[in-house]
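Q:
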Amino acid sequence: MIKSSPSPRLSIAVHGIGAHAQRTVLPAIKQCDAVELVGISTRNSEVRETQSAAWDCSGWSTLDEMLASADMDVVFIASPIRCHFEDGQKVIEAGRHLWCEKSFTHDTAQAATLVEVAASKDLAVCVSMAPVYHHQFQMLKALIADNAIGKVRSLASQFAFPHTDSDNSK
Numbered sequence: 026m027i028k029s030s031p032s033p034r035l036s037i038a039v040h041g042i043g044a045h046a047q048r049t050v051l052p053a054i055k056q057c058d059a060v061e062l063v064g065i066s067t068r069n070s071e072v073r074e075t076q077s078a079a080w081d082c083s084g085w086s087t088l089d090e091m092l093a094s095a096d097m098d099v100v101f102i103a104s105p106i107r108c109h110f111e112d113g114q115k116v117i118e119a120g121r122h123l124w125c126e127k128s129f130t131h132d133t134a135q136a137a138t139l140v141e142v143a144a145s146k147d148l149a150v151c152v153s154m155a156p157v158y159h160h161q162f163q164m165l166k167a168l169i170a171d172n173a174i175g176k177v178r179s180l181a182s183q184f185a186f187p188h189t190d191s192d193n194s195k
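The sequence shown maps to residues 26 to 195 in the numbering used here.
1. Quick one: what does DSSP say Val100 is sitting in, helix, strand or coil?
2. Taking its Cβ as the centre, do 16 or more other Cβ atoms sit within 10 Å of Val177, making it buried, or is it exposed?
3. Looking only at its own chain, which residues have a Cβ that is under 8 Å from the Cβ of Gly84, when we skip the five neighbours before and after it?
4. With distances taken from CA atoms, which of Val39, Leu35, Ala167 and His159 is nearest Glu126?
5. Grab the span of the alpha helix (DSSP H) containing Ala136 for me, first residue to last.
6. Just reading off the alpha helix (DSSP H) that Ser77 is part of, what are its end residues?
7. Whole angstroms is fine: what's the gap from Asp81's alpha carbon to Gly175's?
8. Would the segment 106–113 and the segment 48–58 be scored as touching if the rule is three or more Cβ pairs under 8 Å?
9. Return yes when the Cβ of Leu88 is within less than 8 Å of the Cβ of Lys115, no when it is not.
10. If we count the other Cβ atoms within 10 Å of its Cβ and call it buried at 16 or more, is Arg121 buried or exposed?
11. Using beta-carbon positions only, say whether Ile9 and Ala143 come within less than 8 Å of one another.
12. Looking only at its own chain, which residues have a Cβ that is under 8 Å from the Cβ of Ile27, when we skip the five neighbours before and after it?
13. Count the other CB atoms, across all protein chains shown, that sit within 10 Å of the CB of Leu196; report buried if there are 16 or more and exposed otherwise.
14. Check each candidate in His159, Ile102 and Asp147 and name the one with the smallest Cα separation from Thr130.
15. For His159, does the three-state DSSP call read helix, strand or coil?
16. Where does the unbroken beta strand (DSSP E) through Ala38 begin, and where does it stop?
17. Consult DSSP for Gly113 and reduce its assignment to one of helix, strand or coil.
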């Protein structure tokens, strides 16, 4: 349940502050008038200190520490995909709305479990699908809509992000 507050904005905390979260998630949250960034959590103490200072918010070293705080309505999970199910369970069990990066979980059974438990607690589960807003995707949609490449009968694509740093899962 969303807490009562004088502001209609949702308070949000982000768990998992890797390069993507620093480059895109945190700036997007700060630009959104509907939410207020209240904190971040990451095991990396240098990132935690730097990013919590940069975004003027609290910083915690673990998801459990963050969830012990009563300061957020929503937790955005930006941890490695292999952690999404377990992290999502913790968020929902703590009574917070779950927003998660794609891929949401490893399989549909895990996804169904999180959605069912959240629904039983009247909590929302939302999945971020940023690639559909990427300029490459938008250009492709425009080419198809303008019939610039002829009639499209089939399209197969792969949208991926290169791993430039093998230590980028902290």
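Beta carbons: idealized from backbone N, C-alpha and C, even for Gly. Keep in mind it's a predicted model, so treat the numbers as computed, not measured.
A: So, from the listed chains and residues:
1. strand
2. exposed
3. Gly64, Ile65, Ser66, Thr67, Arg73, Glu74, Gln76 and Ser77
4. Val39
5. Thr133 to Ser145
6. Ser70 to Ala79
7. 50 Å
8. no
9. yes
10. buried
11. Residue 9 lies beyond the stretch modelled for the chain, which goes from 26 to 195, so this question has no answer here.
12. Note that Ile27 scores 48 on pLDDT, short of 50, meaning its location in the model is unreliable; the coordinates nonetheless yield the value given after this. Here the set comprises Leu35, Asp98 and His122.
13. Residue 196 falls outside the range modelled here, since the chain spans only 26 to 195, and no answer is possible.
14. Ile102
15. coil
16. Leu35 to His40
17. helix
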